[in-house]
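Note that our numbering has the sequence shown beginning at 54, numbered continuously upward. A short worksheet on the structure shown next.
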Amino acid sequence: MELPQLDRETLCQWSTLSYPGLVKELCALFIGSELIPKDDLNDLIDRAFSRFRHREVVHLSRLRNGLNVLELWHGVTYAFKDLSLSCTTQFLQYFLEKREKHVTVVVGTSGDTGSAAIESVQGAKNVDIIVLLPKGHCTKIQELQMTTVLKENVHVFGVEGNSDELDEPIKTVFADVAFVKKHNLMSLNSINWSRVLVQMAHHFFAYFQCTPSLDTHPLPLVEVVVPTGAAGNFAALPGAALPLPLQPSSRKLSWLLA
54 MELPQLDRET
64 LCQWSTLSYP
74 GLVKELCALF
84 IGSELIPKDD
94 LNDLIDRAFS
104 RFRHREVVHL
114 SRLRNGLNVL
124 ELWHGVTYAF
134 KDLSLSCTTQ
144 FLQYFLEKRE
154 KHVTVVVGTS
164 GDTGSAAIES
174 VQGAKNVDII
184 VLLPKGHCTK
194 IQELQMTTVL
204 KENVHVFGVE
214 GNSDELDEPI
224 KTVFADVAFV
234 KKHNLMSLNS
244 INWSRVLVQM
254 AHHFFAYFQC
264 TPSLDTHPLP
274 LVEVVVPTGA
284 AGNFAALPGA
294 ALPLPLQPSS
304 RKLSWLLA
């Protein structure tokens, strides 16, 4: 897949957009109108963010000494994965409804993926979700978020072992192609293109918030500290392809901008 190139004029136009507005523009670069018409795409993204507690969906907090923190915890489950999974499942349900199909989602979790995935599909008529919860390895609030959802399409099972260990039987299941096709199985894990696509907007939004003007040449450099693991930091790739001057930091602590 060839990544699109953005000129400075486009960046200047995007710099005034809200976070949902940036998500819409970025998604439209990769999701053609033949797949999802632009008006439908915008409606799906608005629906995905409708339950976030902050009116901006995400928020940049300015701290001392030029340190800024991008708040990604304003979703229903307080996990940053609410942002990407809420959009991913809206796209999924859009295609399922058009094709009159049903899928069963199988998820292994260390806590945040399971609760965010459940929240995003609970009550959906064309999706059942099975979550494997590693007993004793999640926080109490995450466990309650998963085990107190009383929807017919949500199925949570406590299992022995940690999240890495429970990934093994899930991999074995998905290696059985015939079984997967027979039962229309899929997963909503941390490593999927839709998640990376939506999380690109974090970097654009934060960069525009931290940069007072895009009229300078070259554009000002911004240092970004991104949480690592499960390919989440791949969302920084647009800094190389969609010209944002982002400097990855070795301080892999949290989503910070300095």
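All C-beta atoms, glycine included, are put in the ideal place defined by N, C-alpha and C.
Count the other C-beta atoms from every protein chain shown that fall within 10 angstroms of the C-beta of residue i, then say buried if there are 16 or more, exposed otherwise.
| i | result |
| --- | --- |
| His107 | exposed |
| Lys235 | exposed |
| Phe210 | exposed |
| Pro57 | exposed |
| Gly176 | exposed |
| Phe342 | The first residue shown for the chain is 54 and the last is 311, placing residue 342 beyond what the model contains. |
| Leu88 | exposed |
| His270 | exposed |
| Asp181 | buried |
| Ala293 | Its pLDDT being 44, under 50, Ala293 is placed unreliably by the model, and the measurement read from it follows with that caveat. Exposed. |
| Leu219 | buried |
| Leu97 | buried |
| Leu197 | exposed |
| Gly128 | buried |
| Lys134 | buried |
To the nearest angstrom, report how far apart residue i and residue j are at their CA atoms.
| i | j | result |
| --- | --- | --- |
| Lys188 | Leu272 | 48 Å |
| Phe148 | His155 | 10 Å |
| Ala132 | Leu185 | 18 Å |
| Asp68 | Val249 | First, the amino acid is wrong: residue 68 is Ser here, not Asp. Cα to Cα, the separation comes out at about 20 Å. |
| Thr162 | Thr130 | 14 Å |
| Val207 | Ser86 | 32 Å |
| Arg115 | Asp217 | 36 Å |
| Thr225 | Arg104 | 35 Å |
| Glu276 | Cys80 | 24 Å |
| Leu75 | His256 | 10 Å |
| Arg304 | Asn242 | Reliability fails at Arg304, whose pLDDT of 44 lies under 50, so the model's placement of it is uncertain and no value is given. |
| Gln262 | Val230 | 46 Å |
| Gln252 | Val111 | 11 Å |
| Tyr260 | Ala254 | 10 Å |
| Glu153 | Lys204 | 21 Å |
| Gln66 | Gly167 | 36 Å |
| Gly214 | Leu274 | 44 Å |
| Asn121 | Lys151 | 42 Å |
| Gly119 | Pro90 | 41 Å |
| Leu59 | Arg100 | 27 Å |
| Thr264 | Thr200 | 43 Å |
| Ile183 | Arg117 | 44 Å |
Check the DSSP bridge columns for residue i and list the partner residues they point to.
| i | result |
| --- | --- |
| Ser114 | Val122 |
| His208 | Ile183 |
| Met239 | Val158 |
Would you call the CB atoms of residue i and residue j closer than 8 Å?
| i | j | result |
| --- | --- | --- |
| Leu138 | Ala169 | yes |
| Ile171 | Val202 | yes |
| Asn237 | Thr157 | yes |
| Leu82 | Leu267 | no |
| Asp165 | Gln143 | no |
| Tyr72 | Phe227 | no |
| Glu62 | Leu70 | no |
Just confirm the distance between the C-beta atoms of residue i and residue j, as a whole number of angstroms; I'd bet it's less than 8 Å.
| i | j | result |
| --- | --- | --- |
| Leu123 | Leu113 | 5 Å |
| Gln13 | Asn95 | Any property of residue 13 remains undetermined from this structure, which presents the chain solely from 54 to 311. |
| Thr141 | Ser247 | 4 Å |
| Val336 | Ile223 | As displayed, the chain neither begins before 54 nor continues past 311, which places residue 336 out of reach and without an answer. |
Given the structure, does residue i come close to the ligand FMN, in the sense that its CB is under 7 Å from one of the ligand's heavy atoms?
| i | result |
| --- | --- |
| His112 | No copy of the ligand FMN occurs in the structure displayed, which carries no ligand at all. |
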